[in-house]
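Quick note, the sequences are listed as chains A and B, same order. Just so you know, the first sequence maps onto residues 234 to 468 in this note's numbering. Just so you know, the second sequence maps onto residues 52 to 314 in this note's numbering. Here a beta-carbon is modelled for each residue, glycine too, at the ideal position from N, C-alpha and C. To start, the structure itself, in structure tokens.
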Amino acid sequence: MESFWRILGEAVGLILAWDSDLIEIVGLSLRVTLSAVAISCLIGLPLGAMVGAFRFPGRTAVIVMLNSLMGLPPVVVGLIAYLMLSAAGPLGPLELLYTPAAMIIAQTILVTPIVAALSRQVVEDCYREYAEQFDSLGVGPFDRVAALLWDARYSLLTVALAGFGRAVAEVGAVIIVGGNINHVTRVMTTTIALETSKGNLELALALGVVLLAIAVAVNGAVMTLRASAVRMAYA
Amino acid sequence: MPEAAFHMAAPALPMAADGPALLSARGLCFDAGGKRLIDGVDIDIRPGRRTVVMGANGAGKSLLLRLLHGLIRPTAGEVLWQGRPLDREGRLAQAMVFQRPVLLRRSVLANLRFALSVRGLPGPERRAREAEAMERSRLGDLAGRPARVLSGGEQQRLAVVRALACAPGLLFLDEPTASLDPGSTHAIEQLVGDAHESGVAIVLVTHDTGQARRLGDDLVFLHGGRVVETGRAADVLGAPRSEAARAWLEGRLDLGSPSASRA
């Protein structure tokens with residue numbers, strides 16, 4: 234127990250000292266995660282909204298598939314992304330393997346189904362209320378999707394938050410396609426795994442504290458925003 | 052003979068005769084869950100007339116409005132707008148206000164703007180209509196407020212002016228004052244009256260006989276999905292010929308069988 238507190242103290246010291254390695258790793262983690270979440274939202278939100286708002290043959294199958302893909306094992310995604318990006322793969326010529334771009338791609342594959350599936354549910358609930366009014370006003374398909382995404386924006390923030398949570402805590406996929414290369418593709422989760430195995434618990438724990446702090450801060454910000462939206466009857 | 056008349060297969064009902072109809076229903080039927088909910092309704096609605104639809108809960112009033120507005124496809128029969136099958140263009144020439152106003156999670160003004168912008172109105176015309184609607188609704192002071200925090204009466208007023216801002220030839224109102232106090236009801240009736248004076252045809256569902264007298268030129272009484280009586284509102288309300296309408300107006304709880312009720 235004494236050693237835990239000592240290590241925690243040293244970890245906090247690293248954070249307070251603004252350790253350059255730690256800052257670099259946290260910065261890359263945020264860059265990769267936020268990029269992946271942003272791309273996933275660009276794809277997943279309209280996709281989820283369309284599935285939520287429109288009736289088409291095979292819709293149920295699409296919903297089942299999206300829901301199933303929410304549980305994609307990260308290591309499987311990492312392996313698939315690895316095969317696509319490796320020299321012999323279809324995206325090999327892009328030479329993205331072991332770069333942050335490869336990690337963004339892998340996380341995007343992981344997070345997009347989460348964003349699409351959850352936003353489908355959110356939008357469908359909203360659309361149930363709006364459908365007849367939209368029909369009456371003659372709202373076209375594009376305007377329909379845009380209006381639903383805008384009106385459900387505060388609920389969709391929670392969806393993006395779920396995607397962020399999945400991406401920022403993910404280790405299996407990014408370690409396969411990123412390779413955990415120092416100063417290139419080392420992010421918080423992969424560093425924690427590596428430094429723990431090396432016995433460098435101070436850095437691992439410092440990163441763990443930062444990871445938790447980021448998760449709490451992002452959750453707190455989103456929940457505050459949502460609470461004010463609920464008060465204004467916008468959510 | 053009323054200018055707007057509603058008729059059905061039963062020959063006893065008065066038939067439309069005067070001028071071309073704005074909206075017609077011919078042999079309209081709607082089935083759901085193995086039951087016939089709307090049964091062979093024929094209706095003609097003429098420009099500028101105010102038509103009240105009455106009947107007990109479950110008679111099919113709201114369903115009929117949705118069928119006439121093209122929100123639901125009929126199982127049989129057809130709806131004609133100016134003599135042609137009702138299409139998107141025809142529906143855009145109509146507007147509907149629901150019993151519970153459906154307002155977007157936006158400000159009062161943004162709700163108006165949305166309805167006008169999806170119709171592709173150019174900016175200056177849209178702004179002019181927004182200003183007119185805000186003035187007409189007396190909601191100008193609340194333009195920036197979230198629409199869903201308004202009182203029930205204000206929300207319904209917004210829903211009505213939003214519908215009217217789209218310049219419809221025909222306005223459907225599905226029990227728009229069902230849960231409103233007298234003051235709010237008066238405000239809605241004023242808006243409806245103003246719209247009528249400017250030439251908009253009105254089809255109004257209500258349970259309120261006072262409102263039917265105030266707002267109705269013509270009246271159609273539905274019972275069990277069938278039109279059992281039509282005529283001038285004052286005549287039907289004053290001396291109903293059908294058993295169902297008579298029972299309804301006398302406040303009896305059992306309106307009897309639909310097939311036995313046709314006047």
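Residue i versus chain A: which residues are under 8 Å apart at the beta carbon?
{"i": "residue 200 of chain B", "result": "465 and 466"}
{"i": "residue 143 of chain B", "result": "371"}
Strictly below 8 Å CB to CB, what residues from chain B border residue i?
{"i": "residue 372 of chain A", "result": "169"}
In chain A, which residues lie with their C-beta within 9 Å of the C-beta of residue i?
{"i": "residue 146 of chain B", "result": "369 and 370"}
{"i": "residue 149 of chain B", "result": "365, 366 and 369"}
{"i": "residue 81 of chain B", "result": "Within chain A, no residue comes near residue 81 of chain B; the closest Cβ sits about 15 Å away, beyond 9 Å."}
{"i": "residue 139 of chain B", "result": "371"}
Strictly under 7 Å for the Cβ-Cβ distance: is residue i near chain A by that measure?
{"i": "residue 103 of chain B", "result": "no"}
{"i": "residue 343 of chain B", "result": "Residue 343 of chain B is absent from the model: chain B starts at 52 and stops at 314."}
{"i": "residue 153 of chain B", "result": "yes"}
{"i": "residue 156 of chain B", "result": "yes"}
{"i": "residue 53 of chain B", "result": "Residue confidence is low: residue 53 of chain B scores 43 on pLDDT, short of 50, so the model does not pin down where it sits. Its coordinate-derived value is still stated next. Answer no: the Cβ-Cβ gap between residue 53 of chain B and chain A never drops below 7 Å."}
{"i": "residue 161 of chain B", "result": "no"}
{"i": "residue 35 of chain B", "result": "The first residue shown for chain B is 52 and the last is 314, placing residue 35 of chain B beyond what the model contains."}
{"i": "residue 197 of chain B", "result": "yes"}
{"i": "residue 61 of chain B", "result": "For residue 61 of chain B, the pLDDT reaches just 34, beneath the cut-off of 50, and the residue's location in the model is therefore unreliable, although a value from the coordinates is still provided. With 7 Å as the cut-off, residue 61 of chain B does not count as an interface residue toward chain A."}
{"i": "residue 66 of chain B", "result": "The pLDDT assigned to residue 66 of chain B is 36, lower than 50, so where the model puts this residue is not dependable; a value taken from the coordinates is nonetheless given after this. No, no contact with chain A."}
{"i": "residue 58 of chain B", "result": "Confidence at residue 58 of chain B is low in this model, with a pLDDT of 39, below 50, so its placement is unreliable and the value that follows should be read with caution. No - not a single Cβ of chain A is within 7 Å of the one on residue 58 of chain B."}
Kindly say whether residue i, judged by its beta-carbon, lies nearer than 7 Å to any beta-carbon of chain B.
{"i": "residue 184 of chain A", "result": "The first residue shown for chain A is 234 and the last is 468, placing residue 184 of chain A beyond what the model contains."}
{"i": "residue 457 of chain A", "result": "no"}
Is residue i helix, strand or coil when you go by DSSP?
{"i": "residue 337 of chain A", "result": "helix"}
{"i": "residue 52 of chain B", "result": "A caution first: residue 52 of chain B carries a pLDDT of 38, below 50, which makes its placement in the model too unreliable to give a value."}
{"i": "residue 369 of chain A", "result": "helix"}
{"i": "residue 457 of chain A", "result": "helix"}
{"i": "residue 238 of chain A", "result": "helix"}
{"i": "residue 291 of chain B", "result": "coil"}
{"i": "residue 136 of chain B", "result": "strand"}
{"i": "residue 428 of chain A", "result": "helix"}
{"i": "residue 287 of chain A", "result": "coil"}
{"i": "residue 249 of chain B", "result": "coil"}
{"i": "residue 359 of chain A", "result": "helix"}
{"i": "residue 305 of chain B", "result": "coil"}
{"i": "residue 129 of chain B", "result": "strand"}
{"i": "residue 274 of chain A", "result": "helix"}
{"i": "residue 233 of chain B", "result": "helix"}
{"i": "residue 75 of chain B", "result": "strand"}
With the cut-off set at 7 Å, would you say residue i and residue j are in Cβ contact?
{"i": "residue 314 of chain A", "j": "residue 339 of chain A", "result": "yes"}
{"i": "residue 215 of chain B", "j": "residue 179 of chain B", "result": "no"}
{"i": "residue 295 of chain B", "j": "residue 278 of chain B", "result": "no"}
{"i": "residue 99 of chain B", "j": "residue 284 of chain B", "result": "no"}
{"i": "residue 96 of chain B", "j": "residue 115 of chain B", "result": "no"}
{"i": "residue 351 of chain A", "j": "residue 392 of chain A", "result": "yes"}
{"i": "residue 437 of chain A", "j": "residue 255 of chain A", "result": "no"}
{"i": "residue 355 of chain A", "j": "residue 299 of chain A", "result": "no"}
{"i": "residue 273 of chain B", "j": "residue 78 of chain B", "result": "no"}
{"i": "residue 75 of chain B", "j": "residue 131 of chain B", "result": "yes"}
{"i": "residue 265 of chain A", "j": "residue 347 of chain A", "result": "no"}
{"i": "residue 270 of chain A", "j": "residue 367 of chain A", "result": "no"}
{"i": "residue 335 of chain A", "j": "residue 312 of chain A", "result": "no"}
{"i": "residue 266 of chain B", "j": "residue 151 of chain B", "result": "no"}
{"i": "residue 81 of chain B", "j": "residue 125 of chain B", "result": "yes"}
{"i": "residue 163 of chain B", "j": "residue 213 of chain B", "result": "yes"}
What in chain A is Cβ-close to residue i, meaning under 7 Å?
{"i": "residue 172 of chain B", "result": "The contacting residues do not exist; residue 172 of chain B stays about 12 Å from chain A at best."}
Can you name the residues of chain B whose CB is closer than 7 Å to the CB of residue i?
{"i": "residue 376 of chain A", "result": "169"}
{"i": "residue 362 of chain A", "result": "153"}
{"i": "residue 469 of chain A", "result": "Because chain A is modelled from 234 through 468, residue 469 of chain A falls outside the range shown and cannot be assessed."}
{"i": "residue 271 of chain A", "result": "Chain B residues near residue 271 of chain A: none, gap ~24 Å exceeds 7 Å."}
{"i": "residue 219 of chain A", "result": "No information on residue 219 of chain A is available, as it lies outside the stretch 234 to 468 that chain A covers here."}
Would you say the beta carbon of residue i comes nearer than 6 Å to a heavy atom of the ligand COA?
{"i": "residue 324 of chain A", "result": "Of ligands this structure carries none, so the ligand COA is not represented either."}
Kindly indicate if chain D contains any beta-carbon less than 7 Å away from that of residue i.
{"i": "residue 190 of chain B", "result": "Absent from the structure: chain D. Protein chains present are A and B."}
Which residues of chain B have a Cβ atom closer than 9 Å to the Cβ of residue i, listed in chain order?
{"i": "residue 384 of chain A", "result": "155, 156 and 157"}
{"i": "residue 460 of chain A", "result": "Result: empty, since nearest Cβ-Cβ is about 15 Å, beyond 9 Å."}
{"i": "residue 334 of chain A", "result": "Those within 9 Å of residue 334 of chain A in chain B number zero; the least Cβ separation is about 37 Å."}
{"i": "residue 282 of chain A", "result": "Going along chain B, no residue has its Cβ under 9 Å from residue 282 of chain A, so there is no contact; the nearest lies around 15 Å."}
{"i": "residue 448 of chain A", "result": "Correct list: empty, because the minimum Cβ distance to chain B is about 28 Å."}
Exercise for the section: Identify each residue in the region 241–262 of chain B for which the Cβ-Cβ distance to at least one residue of chain A is less than 9 Å, and report them in chain order. Expected result: none
Practice task
Would you list, in chain order, the members of the region 103–135 of chain B that have their beta-carbon closer than 7 Å to a beta-carbon of chain A?
Solution key: 120 and 122
Problem - Residues from the region 339–350 of chain A in contact with chain B, defined by Cβ distance under 7 Å - result: Cβ contacts with chain B come from no residue of the region 339–350 of chain A.
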